[in-house]
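The block underneath contains the structure these notes are about, expressed in structure tokens.
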């Protein structure tokens, strides 16, 4: 017996159904997700088109996501997290003038 073929369209439809169930699970009544198929450079591309939410639904969803992130202990401020990552990646001389080998330049 062969297993059914899972196409990109059916994979997107499954993910859309999951999003619909998640929205319904938090009490947001919205139209169902749709799958759009477009052609990009001769290749068919399937994408999930999420439902359009009203401003009040969007605000409610944002509050739910913020609360979930707070429980995880992650900062909701994306710019602060990105600044910290950048500071760590640049090392101890971040933002300082150096001579190219990492040594600070003397003030002129």
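Numbering (the numbering used here), first residue to last: 4 to 111.
A virtual CB, placed ideally from N, CA and C, is assigned to each residue, including glycine.
Residue 12 holds the alpha-carbon nearest to the alpha-carbon of residue 50 among 12, 93, 63. Residue state for residue 88 is assigned as helix, using DSSP reduced to three classes.
Taking all protein chains shown into account, residue 93 has fewer than 16 neighbouring C-beta atoms within 10 Å of its C-beta and is therefore exposed. Relative to the Cα of residue 37, the nearest Cα in the group 73, 84, 14 belongs to 14.
Residue environment analysis places residue 19 among the buried positions, since at least 16 neighbouring C-beta atoms fall within 10 angstroms of its C-beta.
A straight-line Cα-Cα distance of about 14 Å links residue 61 and residue 23. Distance from the CA atom of residue 68 to the CA atom of residue 26, rounded to whole angstroms, is 12 Å.
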